[in-house]
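See structure below.
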Amino acid sequence: MAPFVSMTPKTFHAKTPKEQRMDSHPSPTPYVKVPEQVQELQERFLMHPQDEARARILLELGRLSNLVDDEGRYPYREAVARTLVELHNLSVWLPEKRAIIRAMGECRNSEVIFRFLLRTLDVLDMDDHDGPDLVTAVIDAFGRITLPASGPVLLKRYLTDVPEIVRLQAIEVLGHLGFSEAEGTIVAALDEGSRAQIVALYALTELVSPAGLERVEEILENAWQTGELEQDEDRELARAALIYLSTLGCPQAEKWVTRLRYTHGPDLRCLSLWGRRLLRQYASDDLLDLITSALEEEDDYTRMFLGRNLRRYDPEEVLETGEVFCETEKGRVRLIKTVAEIGGPVITEWLWDRFISGDATARVRATAIRALRSVGELEGRRLVKLAPDADPLVATAAIRTASNFGPLELYEPLVGLLENDEPMVRQEAVRGIQHLLLAHRPAHVVLRENKGDARGHRPDDLPLDDDALEVIDAGFRKILKRDDDGMTQGLVAYAAANLRRFDLRPRVIRLAERSQDNFARMAAYHALLDMPDTDQVDRIMEAFAKEQDRLARSACIRTLAPLLASMDKPDGELEQRLISAIVNAIDDASAYELVIYAYALGLMRVADPLPVLDRISARGGYRSNLEVISALGQLRHLSTDAIMSRIDAILGSGDNDQRLRAIEALSGLRQDEATDRLIQLFISHRAEERIVDGTVRALAALGRERHGLSFSNDLMDAALERVSLLLRDNINTDGSPPTRTFQEDLLDLKLALWQATSASGVDDDRVNRVITQKLGDDLKKLTRYTLGSEEVLRALRGAEFFHLQSREMPLSADLSPAILSYTKAIELWLHLRLTDLLGNLRDVAKRNYQTIMENWDDFERVLRKLVTIPVEDTNRAVDWTKVPRVAKAMKEKKFTADWRTLSISNSGAIVIFFGVDHPDFGCENGLGLHGDRDEVLSVAVNALALAALRNAMAHEQSASRQDLEACRNLAYTIMQGIASWG
């Protein structure tokens, strides 16, 4: 597919031969001919894994419908509208439906969208759980489409006898559409709560109606008397009221503009100036008056806001008018800060010619430099050249602006400044070099950090080659050799660590050992934390023994403790020396130092730091006590009784933060006694909601890490009953719907509990014998696919283990974990079998998809009849609309994506669309699978049905022994069917 093209309007010319060839092919969907831009966005939406990104893609698709060509036509409108309608019909997830409706609102004046939304309103049930949310989204879309026909619908249906959220949305949209017939209802809303008042005020502002003037001033007075607009809701109400009064040009607005002008909050003062600007908008259009207001303002935030209002004027006119205020230094500084918000080449040239290169004071020149918003290589070199001989204020501004906004090539002149005689210039050069290199790293490195791997970049991630980096290292070494500039040396140590310049590590260690400057030594210790080397522990310990500065000692402890913990062979003597030093420093330590000490003591691997932790806890504060609790969870080499007694005392306290930290500590101990205590917390119905959530999270993580839990057998039944209760009721412990993470943690905990039921009578040999008996020769066909076949067998062994154990469980037990494992085995086997065949589908993919979609309803009925799973309502649980959607997405991707594991949905759709010869629907067997057509399809649809049952059991349904037996037999039938494909 061609790369994504710009979304800007363009002139439409005669079609190229390539475009004519594309037109000769059938449309990618049977519904509408889709332009390339629309098809590209649709594919991105279907394939992107992140919900927020998918919502942005939908908005981009909706806005595409408003582009106009040179002939005044809307070439994308029809295709965009029908594509969004198709996506909405295929979607079954509420947030996705809302996002699609929001995108529909971007299709301005689209009658296709308007008619579809009207039909949608007719079928939405306001009593349904999701009904009000979807109705509100549709009403909001009406307001964005801006078709007058929406008004009568809203007036008739949604102003009475509907939920408040729906009624307020209708009021807002009616005001936006200018329907004065709703004025009475809008004014009446001013007598309701603050949320309704805010919506009504904005609606009256859109209507430009004076009907609410008397009531508005009373509302403002009440909000002011309550607490001078301290609450966020009161401020929002004041904003809506002031905009209403100012837009109407009412005399009452002047009083509130003056009152808010002298409040302490910058946002309220900004609101005052905004109101005054709105008043002036109807009184005069005086540029001089606007500039005067900005320059009189003491607060930079509000001045910045007013400066943005100048963007609608010609920049040269603004500058000509503003020159009146350049007689004093204060006037020049404020004018520069104000006009900097305009930006653009005219302002940039004025800043350079008038101030930066001119004869201005240091303060004015520095302000002008900081006002630059873009710096090319030439301008950057000019700025760096200013630094050596300039005032410190100007030099600092020049170097920081060049490094913040300039290109990577500026590293060369910045390296030259490392030899400058002025310490301040050298320090800014170090900061600038570090910022340039980090800011210009490749996008994948920044993405890795954004995903949480903040310390994950490597030396080869930097954007310069080795020769250029060696030039920078040489400049840093010269500074580290100096004896007269500890501040710059400390900054170099930080830069070496942040840039991962490990060749400088010996110099940084020497700095920690020999420097007379406290900051340099502290920075060196901090840097060594990011450049660890266990071979240097003795040298760092010797430096620590001589250290007298408290902050430097804390930094050294923070570095030493992880180094001691990472040594191949723990050194008890070094640990004891560190503990003794901490003991001597506790009495005079600050709160920050106590946190560092507790963190370091938690990393001990041989010595006993419990008495010292008790002393820290006795005199520590909030943060240090939390760190002490975390340390307890890491001391696995100590007596369990000693640790557990302290944690039990914390769990009995009333502080929830400490109790949650204690739960994490129990999980970290990895001992049976600690796991018992977690289970007891979990099954306790007296536990608070946060405690239960934290316990579930800790137990689930422990189960995932250890492939099961080890604890007392007498707690098993109560724990399983508690898990089943939370899953079956489908509610969180506070009564709200569970989050996805909470459900996943519960399910993982359920599996871990079942794995913990291992009995001596069920061993690996017995499980393997059962699998061999059930599959027979088909097991050999599985093991032919050596890559990954072991994972299939692992899942199958787990399922059979659960099945064998289920015979000893009570009839009321939930046996769904076994079904989950059977389904996982099928999913992995389908993945192994189909992945290598995807490349064969490119020739038949489009043809198969189109012919099947033309008769999809009939084909779906055929598929439904092939479902044989005997569990109630499973057929209805299958999302049949997802099958063509997945097939289409994979077809559009041309089966070239990196499918790490094909889900059952993916595999089932592939087999249904491309795995059989079906003359009635005109499809071909592109996969080359062997076997009877109905048998192949039966494997696919029953795998989908089993997956649907798995999803239901993961969230709301439990499994009886009969369900388990039925699903187990079907699972082996499916696996035998897969083996028969050849």
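If you're matching positions, the sequence shown starts at 55 in the working numbering and goes up one per residue.
Cβ coordinates follow ideal geometry from the N, Cα and C atoms, glycine included.
Remember, predicted model here, so these are calculated numbers, not experimental data.
Closest Cα partner of residue i within the set the options
| i | options | result |
| --- | --- | --- |
| A420 | V429, L732, A444, G430 | A444 |
| P202 | S234, L178, D182, M180 | S234 |
| D622 | F856, V660, D179 | V660 |
| A574 | V546, L807, E473 | V546 |
| L258 | L299, A277, W278, I745 | L299 |
| W855 | K834, A867, R823 | Reading the sequence as shown, one finds Phe at residue 855 and not Trp. Checked all of K834, A867, R823; the closest Cα to F855 is R823. |
| S778 | F736, N163, D912 | F736 |
| C161 | H142, Q223, F196 | F196 |
| I985 | I273, R131, G969, F975 | Inspection of the sequence shows that residue 985 is occupied by Gly rather than by Ile. Checking every option, the nearest Cα to that of G985 belongs to G969. |
| S164 | A133, E844, A109, I240 | A133 |
| E629 | L523, G656, A522 | G656 |
| S569 | A550, M541, R221, A853 | M541 |
| P517 | A528, A493, V469 | A493 |
| R715 | S693, F99, G748, D695 | G748 |
| W883 | Y1026, R249, L917 | Y1026 |
| T613 | A645, P624, A578, D603 | A578 |
| V290 | A307, L255, C304 | A small fix is needed here, since residue 290 is Glu in this sequence, not Val. That would be L255, whose Cα lies nearest to the Cα of E290. |
| I154 | D105, Y128, V177, V122 | D105 |
| L833 | T239, I1028, A236 | I1028 |
Rounded C-alpha distance that separates residue i from residue j
| i | j | result |
| --- | --- | --- |
| T70 | G159 | Note that T70 has pLDDT 43, beneath the 50 cutoff, so the model's placement of it is unreliable and the number below is only indicative. The straight-line gap from Cα to Cα measures roughly 33 angstroms. |
| D184 | S145 | 14 angstroms |
| R152 | I958 | 27 angstroms |
| H489 | E371 | 37 angstroms |
| N679 | F556 | 35 angstroms |
| T65 | D124 | Confidence at T65 is low in this model, with a pLDDT of 34, below 50, so its placement is unreliable and no value can be given for it. |
| Y336 | L296 | With a pLDDT of 46 at Y336, under the threshold of 50, the predicted position of this residue should be treated as unreliable, and no value is reported. |
| K535 | T415 | 36 angstroms |
| K600 | A685 | 27 angstroms |
| D187 | D179 | 11 angstroms |
| L983 | R851 | 27 angstroms |
| A441 | G397 | 24 angstroms |
| V525 | D413 | 36 angstroms |
| L582 | R559 | 8 angstroms |
| N572 | A619 | 26 angstroms |
| V921 | L991 | 10 angstroms |
| G486 | D537 | 22 angstroms |
| R593 | A348 | 59 angstroms |
| S699 | E97 | 58 angstroms |
| H857 | R1004 | 16 angstroms |
| D911 | E395 | 59 angstroms |
| Q734 | G626 | 36 angstroms |
| L869 | A773 | 14 angstroms |
| G229 | L261 | 6 angstroms |
| V821 | V846 | 14 angstroms |
| D407 | V393 | 15 angstroms |
| L605 | S634 | 18 angstroms |
| D515 | L523 | 12 angstroms |
| G470 | I563 | 25 angstroms |
Beta-bridge pairing of residue i - partner residues as DSSP gives them
| i | result |
| --- | --- |
| H972 | C977 |
Delimiting residues of the alpha helix (DSSP H) encompassing residue i
| i | result |
| --- | --- |
| W404 | 399–405 |
| M478 | 477–493 |
| H580 | 572–584 |
| K391 | 383–393 |
| G460 | Looking at the DSSP string, G460 is not in any alpha helix (DSSP H), and its letter there is neither H nor E. |
| Y128 | Premise fails: Y128 is in no alpha helix (DSSP H) and is neither H nor E. |
| E90 | 90–101 |
| N909 | N909 -> no alpha helix (DSSP H), and no H or E assigned at all. |
| Q630 | 626–639 |
(message) Under 8 angstroms, with one C-beta from each stretch per pair, do the region 458–476 and the region 420–436 reach the 3-pair mark?
(response) yes
(request) Count the C-beta pairs between the region 648–655 and the region 664–672 that are closer than 8 angstroms, then say yes if the count reaches three, no if not. (result) yes
(request) Mind the definition here: the region 991–1005 touches the region 1020–1033 only if three or more C-beta pairs lie below 8 angstroms; say whether that holds. (result) yes
(request) Answer yes if the region 1013–1025 comes into contact with the region 868–881, meaning at least three C-beta pairs across the two stretches below 8 angstroms, and no otherwise. (result) yes
(message) Counting beta carbon pairs with one atom in the region 190–207 and one in the region 153–172, are three or more of them shorter than 8 angstroms?
(response) yes
(request) For the region 893–905 and the region 966–981, state whether three or more C-beta atom pairs, one from each stretch, are separated by less than 8 angstroms. (result) yes
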